[in-house]
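J.: Letter by letter, the sequence shown follows residues 5 to 100 in my numbering.
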Amino acid sequence: MIFGRDIEHVEICACWKYVLPVQQKAGHTFFKCPMWAPERQQAKRIIGHVTPTTIVGSMLENEGNWEAVETMMRKIMGKKESHERSRHMQNELRIE
């Protein structure tokens, strides 16, 4: 897995016009970015709303809600990490 500064400066979404602070990137990624709309829609079908103000309460309501949010976040982060690995590999191929 890629953590910390390796991923915090990566711009993988066309809607990012500038480098966002880490806190804004998380909010953008999980709640606004159109790139991850399918993952949010899956969670919405189970918990109803996926917003910064409702997500924690929804997760604590029951195990199904918790699993829906966890699945959404794992899918999004997995895809972001995969994209980052691919980007690094492409950069390495250009250097060689």
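We put the beta carbon where it would ideally sit given N, CA and C, even for glycine.
Starting from Val54, trace the alpha helix (DSSP H) both ways and give me its first and last residue.
T.: Position 50 of the sequence shown, counting from 1, holds the residue named residue 54. Here Val54 belongs to no alpha helix (DSSP H), and DSSP marks it neither H nor E.
J.: Whole angstroms are fine: how far does the CA of Glu85 sit from the CA of Met39?
T.: Locating residue 39 in the sequence shown gives position 35, where the first residue counts as 1. Locating residue 85 in the sequence shown gives position 81, where the first residue counts as 1. Straight-line Cα distance between these residues: approximately 14 Å.
J.: Just to confirm, are Ala72 and Ile59 a CB contact at a threshold of 7 Å?
T.: For the purposes of this step, residue 72 is identified with residue 68 of the sequence shown, where counting begins at 1. For the purposes of this step, residue 59 is identified with residue 55 of the sequence shown, where counting begins at 1. Against a cut-off of 7 Å, the Cβ pair of Ile59 and Ala72 comes out as no contact.
J.: Roughly how many angstroms lie between the CA atoms of Leu64 and Trp70, to the nearest whole one?
T.: Translated into positions along the sequence shown, residue 64 becomes position 60. Translated into positions along the sequence shown, residue 70 becomes position 66. Using only the alpha carbons, I get a separation of about 7 Å.
J.: What would DSSP say about Asn95, mapped onto helix, strand or coil?
T.: Counting from 1 along the sequence shown, the entry for residue 95 is found at position 91. Residue state, collapsed to three classes: helix.
J.: Helix, strand or coil: which one does DSSP assign to Val66?
T.: Within the sequence shown, numbered from 1, the residue matching residue 66 stands at position 62. Checking the displayed sequence, the identity of residue 66 turns out to be Asn instead of Val. In the structure shown, Asn66 sits in coil (DSSP, three-state: anything other than H, G, I, E or B).
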